[in-house]
Structure formats: C-alpha cells, structure tokens
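Sequential numbering of the sequence shown, starting at -7, is according to the working numbering.
To keep things clear, I will list the structure first and then write my remarks on it.
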Amino acid sequence: MHTDTTTARRPLGDAESYFIRSGYRSRDRVEYFLDETDEAVTWQPDVYPYAAARARELGRDVVIDIGCGRAGKLASLAYEYPAWSFIGVDFGDNLVWCRDNHPFGEWIEVDLESAERLPIDPALVRRSIVVCSDVIEHLVNPVPALSLIRGLLLEGSAAAVLSTPARECRSGYDTPGPPRNPSHVREWASDEFQALLKASGFAIHHAELTRSDDASNGLSTQLLLVGAEEAEVEQR
C-alpha cells in the first residue's frame, strides 16, 4: 500500500475533471466488468455490514444496490436479514446472472451512464438505504449514477453508502494515471471524491478509510455515508 505524505499537493481539479488534480489521465473507455470474483478473497468486506448497521439504526428494511454485479455480498445480507427486501441495479451479463441464480430480490436492468431515473416503487424507496460499492470508478461518466443516487435520497431513501478506491493510499495523490486496474476508468483521492460529491448535491455525514479486501486488510478504500444536500430536501 502506498501512503502519500506530501504536504504541498496540487489544488483540486474542477467539474470537467470530476475534481481530480491536473495531470491525471483517465481511461477513455473500459471493458464491461464481469463480476467473476475469487471466492478466496472478499473485496470491500466491511461496506455491506456497515450499510446494514446504518439501515437498522435508521429503521429501514430495503437495500437498493446500485451496480450490484452478481450481488454476492447482497446475497449474504439477504441470508442474514430474510425479512428485508433487496433491489439490485445493473445491466448486461451480471444482471442476467442475478435473475437466473438468486432466489431473492428484485433485479432492475439500467445503464448507469445514461439512465435518468430508476423504476422503483416509491413506497420501497421510502423504506430504503442505498449502497453503491466500488462502482463509480468503472464509469466513464459517473454523473448519471450520482444523479440516480441523489434522486433516491430526494424521494425518501434514508442515506447512501458509497465506496471507491482511495488513490492516495494506492499510488499517491500525484500519480499520472490511468489506474493499474484495467477495469477502472479513474481513481479519486479522498479529498477529490468528497469535492465531487458536494458539487453533486450530497451532504457527507461520515467518511473513513476501510479495508480493500480481507486478505491484505489494507485501509485503502474510501467509505462514505451521504444524504441529499439539506437545502434541496427542504425545497421539496
């Protein structure tokens, strides 16, 4: 794990660069991420338990998973909380696999880079918490996905739990990119990602570093709890 101790960092970028510092190169395109994981390693092992704990605290019993992949960790929550409802959102082979293999849940096919809304019953949204775990870095344009998440919050979802790699821990604030992982378009340092979220209309309630996986146990993944910006909620 790389730890950047530089104190004189370049300033944050702007909306055009999704607030990543100047000099960083993102990928222009990336191949579809087929969620075929090594069962010996659990990636982001603490994100879904954290989301479940927040759901219990907030009195919610619906989990909406944005970019669910093959929903292995969502399946673990369904086993632990059989009375809850689960909604997975993705597209392509991952979503087909979920429909064919998971006996629980509602599976919604949506392109996260173009959809403007999610066809979810408003009554379920008002009982929900949202999870979007290590998805944003796979998107060439993350703005539509963030807009979908914010829309759910404005419709009454209690909060959203987000995770994404912390570039400062993996390769340093000033790494030129693109990421070493060929399925990642870009990776944000923590302050860059928080700037993107604030500019996208989110209020950040909690932010920390959590484990990337349960093998190395390195704290190199950003974990955030966010809500809709309070002024926007009050205007509804």
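By construction, the Cβ of each residue, glycine as well, lies at the ideal position given by its N, Cα and C atoms.
With at least 16 other beta carbons inside 10 angstroms of its own, Pro134 counts as buried. Put simply, the backbone Cα of Cys124 is about 15 Å away from that of Trp180. Approximately 6 Å separates the beta-carbon atoms of Gly5 and Ser14; this is inside 8 Å, confirming the contact. Residue environment analysis places Asp126 among the buried positions, since at least 16 neighbouring C-beta atoms fall within 10 angstroms of its C-beta. Leu50 counts as exposed, since fewer than 16 other C-beta atoms from the protein chains shown sit within 10 angstroms of its C-beta.
Fully contained in the segment 95 to 161 are the following alpha helix (DSSP H) runs of length 4 or more, in chain order: 114 to 117, 135 to 146. For Leu188, the closest C-alpha among the options Pro171, Ala137, Asp205, Pro168 is that of Ala137.
Excluding residues up to 5 positions away in sequence, Ile121, Ala151, Val153, Leu217 lie with their Cβ nearer than 7 Å to the Cβ of Arg46 in the same chain. Among the bridge pairs identified by DSSP, Phe78 is matched with Val55.
For the pair Glu160 and Ile56, the Cα-to-Cα distance works out to about 29 Å.
Boundaries of the beta strand (DSSP E) harbouring Val218: 211 to 220, taken from the DSSP string.
Rounded to whole angstroms, the gap between the alpha carbons of Ala199 and Ala158 is 12 Å. The criterion of a C-beta distance shorter than 8 Å is not satisfied by Cys60 and Leu69. Scanning Val102, Asp183, Val177, Asp205 for the CA closest to the CA of Ile196 turns up Asp183. Contact check for Ile12 and Ile141: beta-carbon distance about 20 Å, past the 8 Å limit, so the pair fails to qualify. Scanning its chain for C-beta atoms nearer than 8 Å, with the 5 sequence neighbours on each side dropped, one finds around Arg2 the residues Arg13, Ser14, Gly15, Tyr165, Asp166, in chain order. In this structure, Ser77 sits near Leu116, with a CB-CB distance shorter than 8 Å.
The criterion of a C-beta distance shorter than 8 Å is satisfied by Arg21 and Val132. Boundaries for Leu201: no alpha helix (DSSP H) harbours it, while the beta strand (DSSP E) harbouring it runs 194 to 203, taken from the DSSP string.
Contact between Ala44 and Tyr73 holds, since their C-beta atoms are separated by about 7 Å, short of 8 Å. In the three-state scheme derived from DSSP, where H, G and I count as helix and E and B as strand, Trp35 is classed as strand.
Here the C-alpha atom of Arg203 lies approximately 12 Å from the C-alpha atom of Arg162.
Inter-residue distance for Asn209 and Thr34 is about 10 Å (C-alpha atoms, whole angstroms).
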